[in-house]
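Chemist: Below is one structure. I have some questions about it.
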Amino acid sequence: MKCKFVILIVLSTLLLGSVSATPVDEMKARVVASRFYANKYNRQIESLNPAIVYAAAAIRGENNPAFYVVNFDSEGFVIVAGDDRAQPILAFSDEGAFVTENIPAHIQFFLDGYVDGIQYIADKNLENDAATQRQWEMLLSGSYMTPKEAEVIVGPLLGDNRWNQTKYYNNLCPADDTGDAAYDGHAAVGCGALVMGQVMHYWRFPTTGSGSHSYSSNYGTLSANFGATTYHYENMPDRFTYFEHPDSCVEAVATLLYHCGVSVDMRYGASASVANSNKIVTALSRYFRYPATVEYIERGSLSSSVWLGYLKGELDEGAPFMYGGSGDYGGHVWTCDGYREDNYFHFNWGWGGQQNGYFTLTICSSYGFNSNHAIIIGIRGPELPIAVEEHTSQNITLYPNPATDVLNITSSETISEVEIVNMMGQVVKRIDVNADNVACNVEDLSGGVYVVRIRTLSGVEGSATLSQRKFVKD
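The sequence shown begins at 5 in the numbering used here and counts up one residue at a time.
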């Protein structure tokens, strides 16, 4: 199989003469995906085993699919456009294979947007712009190099969070043994509740909720007393595996997710549970003490630049947010928790890690993305009791962020002191420095959001600047 693929790589140069306005067949899709994946993740292309595992619906009037999903064993995937007038790479990931069996509705909803975009190109008979054509040519010829502007700017802020809607997570959802075995005799969590829980877990807030709520459902009256409940984030792992877990961990996660569901009048079902996304905004402030800054914004007629500005603005402030939209079969929501400078956004789908990766919101230069998309932004944990305002100069860099063991800090000026402050405003680590970079050992810190205070010397005697950056301990 690999020998055959190497031959295809060699033959790919013969395709260059037919790049402009031509369908993309399976061979071309495999070559493009492999060139990109090998370059992005520093792999030898000869060692790859690309497999097309999913081909989207065919474009009307043409025989080729709108896009292809190419898996690289269990290590990652690349989604390649089926028309070379679209940008070649629609999505990519090194977080696992793309699972094609029973694709969740919210993921299918988003992918259908790619189909609509490719169909738009065909219907309008758009011409291939020079920049897009150059991308295809470089990927096919082997001259493609990941551009500097493709660096990750933020995230993924949720780190390795791989929460799901199935067993363990749904332990307190209504009993229902008519669903798939994965749900273990309970209704599904629901994507709205799952995403709320992920974001609350990120902020480790609130410790206790406010008030209570009951509503009538198909399973009878469902209730939650938020004000009488303590949410134990310290017991909530990023994922449940197939091994046994302490009851305290299962209870902590299941309680949070069930309370999120009740707060939005979740319409529970055996294998799918749904809720109105607008109710999330009200629930966050009414029952979970989040500020009035939380708002629901629809894409509508907003330009791409304005829309992307909203997204990047949230992520630049260290705030993951809820991304979604509405289709023929109801509303959908998931978490956006990172982006790259070239406008690929990291989505955590809340499906046990499946399909997590970077996705573009731009099909081609003249087509943005679905107008029926929406976001819930402004979700913030408690304000830290810090007297100074955040210094926004771009000469300070923190990486990786999130960090597990070591947080590196670099500056164009001499760093004199670093303090790490927790969400209670307590200084948990202080380091004296006399250099333009420092490696901070954060292995001993609990998971959560912190503010890093960096004091730098400006070169003027006695003059110092205090900057602040958010960082996430994974």
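Idealized CB from N, CA, C, for every residue including glycine. Quantities reported herein were computed from a predicted structural model and do not represent experimental measurements.
(1) Which whole-angstrom value is the C-beta distance of V476 and I424, which I expect to be below 8 Å?
(2) For L402, which residues does DSSP report across the bridge?
(3) Between F230, Y219 and L319, which lies nearest to Y272 when the distance is taken from Cα to Cα?
(4) If I follow the unbroken alpha helix (DSSP H) through R138, where does it start and stop?
(5) Tell me where the alpha helix (DSSP H) around D120 begins and ends.
(6) Tell me which residues share the same chain as H336 and place their Cβ nearer than 8 Å to its Cβ, disregarding the 5 neighbours each side in the sequence.
(7) Is N67 helix, strand or coil when you go by DSSP?
(8) Pairing CB atoms from the region 202-220 with CB atoms from the region 297-311, are three or more of them under 8 Å?
(9) Give the range of the beta strand (DSSP E) segment to which A59 is assigned.
(10) Should Y223 go down as buried or exposed, given a rule of 16 or more other Cβ atoms within 10 Å for buried?
(11) With three or more C-beta pairs closer than 8 Å as the rule, is the region 48-62 touching the region 75-89?
(12) State the start and end residues of the unbroken beta strand (DSSP E) segment that holds G361.
(13) Y72: which of D29, I413 and F230 sits nearest, CA to CA?
(14) Straight-line CA distance for G382 to S289?
(15) Should E318 be labelled buried (16 or more other beta-carbon atoms within 10 Å of its own) or exposed?
(16) Can you tell me which of G451, L470, A37 and L449 puts its alpha carbon nearest to the alpha carbon of R459?
(17) Among G231, N347 and R243, whose alpha-carbon lies nearest the alpha-carbon of L198?
(18) When the Cα atoms are used, what is the spatial distance from R384 to V35?
(19) In angstroms with no decimal places, state the Cα-to-Cα distance between I63 and P295.
(20) I believe D556 touches T418 by the beta-carbon criterion, under 8 Å. Please report the beta-carbon distance rounded to the nearest angstrom.
(21) On a Cα-Cα basis, can you pick out the residue from Y291, E345, K283 and C368 that is closest to G313?
(22) Along the chain, where does the beta strand (DSSP E) containing V193 start, and where does it finish?
(23) Given this structure, state the Cα-to-Cα distance separating E393 from P386, to the nearest angstrom.
(24) With the cut-off set at 9 Å, would you say E99 and N282 are in Cβ contact?
(25) Going by CA-CA distance only, name the one from L162, A185 and V156 that's closest to T170.
(26) Closest to F230 by CA distance: which of S267, S221, E447 and H249 is it?
(27) Can you tell which of N426, R434, N438 and T225 has the C-alpha that lies nearest to the C-alpha of S415?
(28) In whole angstroms, what is the alpha-carbon distance linking F102 and Q358?
(29) Taking the C-alpha atoms as reference points, what is the distance between E66 and A33?
(30) Considering Cα atoms alone, identify which of Y362, R303, A134 and Y187 is closest to A276.
(31) Judging by CA-CA distance, which residue of V422, A443, V442 and N426 is the nearest neighbour of R434?
(32) Please look up how many angstroms separate the CB atoms of M200 and I284, rounded, as I've assumed it's under 8 Å.
(33) Does the Cβ-Cβ distance between L306 and F349 come in under 9 Å?
Modeler: By the coordinates alone:
(1) About 12 Å separates the two Cβ atoms, so there is no contact after all.
(2) I413
(3) Y219
(4) A134 to S145
(5) A109 to K128
(6) Same-chain partners within the cutoff: A109, H110, F113, F114, C195, G328, G329 and S330.
(7) coil
(8) no
(9) Here the beta strand (DSSP E) through A59 covers P54 to A59.
(10) exposed
(11) yes
(12) G361 to T364
(13) D29
(14) 11 Å
(15) buried
(16) L470
(17) R243
(18) 43 Å
(19) In a straight line, the C-alpha of I63 is about 45 Å away from that of P295.
(20) Coverage of the chain is limited to positions 5 through 478, which leaves residue 556 absent and any answer about it impossible.
(21) E345
(22) Unbroken run through V193: none, as it is neither H nor E.
(23) Any answer about E393 is weak, because its pLDDT of 39 lies below 50 and its placement is not dependable; what the coordinates show is given next. Rounded to the nearest angstrom, the two C-alpha atoms are 15 Å apart.
(24) no
(25) A185
(26) S267
(27) N438
(28) 7 Å
(29) 16 Å
(30) Y187
(31) V422
(32) With a Cβ gap of about 6 Å, M200 and I284 count as contacting.
(33) No, Cβ-Cβ distance for L306 and F349 is not below 9 Å.
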